[in-house]
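Novice: Following the numbering used here from start to finish, the sequence shown increments by one per residue and tops out at 354. C-beta: ideal position from N, C-alpha, C; glycine also. These numbers come from a predicted model, not from an experiment. The structure follows.
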Amino acid sequence: MRVLSGMQPSGTLHIGNYLGALKQWVEAQSVDAFYCVVDLHALTLEIEPETLRSQSFDLIATFLAAGLDPDVCTIFLQSEVPYHAQMNWLLECVATYGELSRMTQFKEKSSRKTGYRVGLLTYPVLMAGDILLYETTEVPVGDDQRQHLELTRVLAERFNNRYGSTFVVPVGVQPKVAARVMDLQEPTRKMSKSLSSPLGSIYVTDSASAIDKKIKKAVTDTDNEVRYDWEHKPGISNLLDIYSSFSNEAPQVVAERYTRYGDLKSDLSALVIESLAPLRTRHHELMADPAELRAVVTNGAVKASEVAGSVYRRAAHAVGLI
Ligand code: ATP
Ligand code: LTN
């Protein structure tokens, strides 16, 4: 099994990113796991250069604080392995305009602004390259990335059919619960770094009082019955999913223990605060040692380049580059 996944340094991680992706990464880490900060992807939307740099360091610190061990897996910056940009070009010449313009994330993000960047359209091709460069078999991601994963498979198969067997065709893996954590204020919309209401997202480095306030104010409904039912009770089901993901129990089992919303919220608040406390402390310590973070990714880029380089050369040869 070969694992690769990536996250954009577009802001502090929320518990959707943590439960939907990062927690699975920690569980799947091995010498065959590659995790990258996809800083090139973050350029698709307007971002201050200094902000991008500091958020990239912050994200490396969050990876380590959550339990990724650079002696076990490979942690690197996408921009420091030039094969990602090179592979992107080979794959752009396999992808079609039509299939990229149909991507939900593109439609959603491009509709917010006129004059969006071309990179926003071609973003999933860069992502496909990230994955295919590592002969990846499994990609642990949240539910919102399914469509990009499907495109990656389509491009890999199209390339293999046209140029001969070159790429391993990967599958996406989602956690059983919390693959789509919803906004606490609007439980029909996913929790998001860029689009959430102030009380809608719990960030992994939030203080205990901020976490408690956000959970206590989470939107529920008026019938006061604790039941796991996404169709009729999205607010409560979202809280049960978060609970169940942190406690490793089925959401239905958690629901049976409660009759009152207030009790569920109090216990959930204590559970989230306790579960995230070590991450928060460790993150704070790591941010004080930028040299250590720099060393982790410098080393990671060397390891990643060995694998990515050989796959890139294979693909370049297949299309006819000398
Ligand atoms: P943005 O809202 O700015 O697009 P994001 O919060 O969706 O950002 P990404 O960096 O795009 O975050 O995603 C990182 C990882 O977290 C991906 O694997 C994605 O599937 C996962 N993820 C993002 N949001 C959620 C969510 N609400 N629930 C579960 N997983 C999520
Ligand atoms: N598109 C993803 C981030 C991403 C990624 C990847 C995820 C870029 N490259 C490779 C998994 C594998 C997102 O927006 N969350």
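Taking the C-alpha atoms as reference points, what is the distance between Asn120 and Ala348?
Specialist: Here residue 120 refers to the residue found at position 88 of the sequence shown. Here residue 348 refers to the residue found at position 316 of the sequence shown. Their backbone Cα atoms lie some 11 angstroms apart in a straight line.
Novice: In terms of residues, what are the limits of the beta strand (DSSP E) holding Pro172?
Specialist: The residue given as residue 172 occupies position 140 in the sequence shown. Its beta strand (DSSP E) spans residues Glu170 to Pro172.
Novice: Threshold first: 4 residues or longer. Then list the alpha helix (DSSP H) segments lying entirely within the stretch 248-307, N to C.
Specialist: Whole alpha helix (DSSP H) segments, 4+ residues: 266-279 and 283-288.
Novice: Excluding five sequence neighbours on each side, which residues of the same chain lie with their C-beta closer than 7 angstroms to the C-beta of Pro156?
Specialist: For this step, residue 156 is matched to residue 124 along the sequence shown. Same-chain partners within the cutoff: Leu132, Met135, His180 and Leu183.
Novice: Between the Cα of Gly232 and the Cα atoms of Ser241, Ala240, Pro219 and Gln118, which residue gives the shortest distance?
Specialist: Residue numbering aside, residue 232 sits at position 200 when the sequence shown is read from its first letter. For the residues Ser241, Ala240, Pro219 and Gln118, the minimum Cα distance to Gly232 belongs to Pro219.
Novice: For Gln137, which of Val236, Lys222 and Ser269 has the nearest alpha-carbon?
Specialist: In the sequence shown, residue 137 corresponds to position 105, counting from 1. Among Val236, Lys222 and Ser269, the Cα nearest to that of Gln137 belongs to Lys222.
Novice: Leaving aside the five residues before and after Ser229 along the sequence, list all residues of the same chain whose C-beta is less than 8 angstroms from its C-beta, in chain order.
Specialist: The count along the sequence shown starts at 1 and reaches residue 229 at position 197. Excluding positions up to five away in sequence, the list reads Asp215, Gln217 and Glu218.
Novice: Which term fits Arg212, buried or exposed, when burial requires 16 or more other beta carbons within 10 angstroms of its beta carbon?
Specialist: Indexing the sequence shown from 1 puts residue 212 at position 180. Arg212 should be labelled buried.
Novice: Could you work out which residue in Arg289, His315, Ala98 and Pro41 is closest to Leu54 when comparing CA atoms only?
Specialist: By 1-based counting over the sequence shown, the position of residue 54 is 22. Measuring from the Cα of Leu54, the nearest candidate turns out to be Ala98.
Novice: Is the distance from the Cβ of Gln87 to the Cβ of Pro207 below 8 angstroms?
Specialist: Numbered from 1 along the sequence shown, position 55 holds the residue referred to as residue 87. Numbered from 1 along the sequence shown, position 175 holds the residue referred to as residue 207. For Gln87 and Pro207, no; Cβs fall outside 8 angstroms.
Novice: Whole angstroms is fine: what's the gap from Val285's alpha carbon to Ile305's?
Specialist: Your numbering for residue 285 matches position 253 in the sequence shown. Your numbering for residue 305 matches position 273 in the sequence shown. Rounded to whole angstroms, Val285 to Ile305 spans 21 angstroms at the Cα level.
Novice: Among residues of its own chain, excluding the 5 on either side of Val113, which ones have a beta-carbon nearer than 7 angstroms to its beta-carbon?
Specialist: Mapped onto the sequence shown, residue 113 falls at position 81. Counting only Cβ-Cβ distances below 7 angstroms, and skipping sequence neighbours, we find Ala333, Ala336, Ser337 and Ala340.
Novice: Flag Gln177 as yes when its Cβ comes closer than 7 angstroms to any non-hydrogen atom of the ligand LTN, and as no otherwise.
Specialist: For this step, residue 177 is matched to residue 145 along the sequence shown. Gln177 Cβ: within cutoff of the ligand LTN.
Novice: With DSSP run on the structure shown, which of helix, strand or coil describes Gly161?
Specialist: In the sequence shown, residue 161 corresponds to position 129, counting from 1. It is helical.
Novice: Could you tell me how far apart the beta carbons of Leu300 and Ile354 are, in whole angstroms, since I believe they sit closer than 8 angstroms?
Specialist: Numbered from 1 along the sequence shown, position 268 holds the residue referred to as residue 300. Numbered from 1 along the sequence shown, position 322 holds the residue referred to as residue 354. Going by Cβ atoms, the distance from Leu300 to Ile354 rounds to 60 angstroms, so no, they are not a contact pair.
Novice: For my contact list, Tyr293 and Val258 are in at a C-beta cut-off of 8 angstroms; report their separation, rounded to the angstrom.
Specialist: In the sequence shown, the residue the question calls residue 293 occupies position 261. In the sequence shown, the residue the question calls residue 258 occupies position 226. The Cβ separation is near 7 angstroms, so the contact holds.
Novice: Among the residues of its own chain, which have a CB less than 7 angstroms from the CB of Leu100, if the five just before and after it don't count?
Specialist: Here residue 100 refers to the residue found at position 68 of the sequence shown. Once the five neighbours on either side are set aside, the close Cβ partners of Leu100 are Trp57, Val58, Gln61, Tyr67 and Ile107.
Novice: Based on the DSSP secondary-structure assignment, which residues constitute the bridge partners of Ala65?
Specialist: On the sequence shown, residue 65 is found 33 positions in, with the first residue counted as 1. For Ala65, which the question treats as bridged, DSSP gives the partners Val35.
Novice: Helix, strand or coil for Phe89 per DSSP?
Specialist: Residue 89 sits at position 57 when you count from the first residue of the sequence shown. Phe89: helix per DSSP, three-state reduction.
Novice: Could you pull the DSSP bridge partners for Gly99 from this structure?
Specialist: Looking up residue 99 in the sequence shown gives position 67. According to DSSP, which records beta bridges pairwise, Gly99 is partnered with nothing at all.
Novice: Which partner residues of Met214 appear in the DSSP bridge assignment?
Specialist: Numbered from its first residue, the sequence shown carries residue 214 at position 182. Paired residues: Lys222.
Novice: Tell me which residue opens and which closes the beta strand (DSSP E) that Thr106 is part of.
Specialist: Within the sequence shown, residue 106 is the residue found at index 74, counting from 1. Note, Thr106: beta strand (DSSP E), Thr106 to Leu109.
Novice: Hey, out of Arg85, Phe278 and Leu122, whose CA is closest to Leu396's CA?
Specialist: There is simply no residue 396 to check, as the chain begins at 33 and stops at 354 in what is shown.
Novice: Select from Gly204, Val35, Leu91 and His316 the residue whose C-alpha is nearest the C-alpha of Val104.
Specialist: By 1-based counting over the sequence shown, the position of residue 104 is 72. The candidate whose alpha carbon is nearest that of Val104 is Val35.
Novice: What is the DSSP secondary structure of Val200, reduced to helix, strand or coil?
Specialist: The residue labelled residue 200 in the question sits at position 168 within the sequence shown. Note: Val200 maps to coil in three-state DSSP.
Novice: Examine the ligand ATP and report whether any of its heavy atoms sits within less than 7 angstroms of the Cβ of Lys246.
Specialist: Locating residue 246 in the sequence shown gives position 214, where the first residue counts as 1. No, Cβ of Lys246 sits at least 7 angstroms from all heavy atoms of the ligand ATP.
Novice: By the DSSP assignment, the alpha helix (DSSP H) with Ser229 in it spans what residues?
Specialist: To locate residue 229, count along the sequence shown from 1; it is residue 197. Per DSSP, Ser229 belongs to no alpha helix (DSSP H) and is neither H nor E.
Novice: When the Cα of Leu325 is compared with those of Ser111, Leu96 and Leu165, which residue comes out closest?
Specialist: The sequence position of residue 325 within the sequence shown is 293, counting from 1. Of the candidates Ser111, Leu96 and Leu165, the one whose C-alpha sits nearest the C-alpha of Leu325 is Leu96.
Novice: Assuming Pro7 is part of the alpha helix (DSSP H), what are its boundary residues?
Specialist: Within the shown structure, residues of the chain are numbered from 33 to 354, placing residue 7 beyond reach of any answer.
Novice: Report back the beta-carbon spacing between Asp273 and Ala210 to the nearest angstrom; my notes put them in contact at under 8 angstroms.
Specialist: Within the sequence shown, residue 273 is the residue found at index 241, counting from 1. Within the sequence shown, residue 210 is the residue found at index 178, counting from 1. Confirmed, Cβ separation roughly 5 angstroms.
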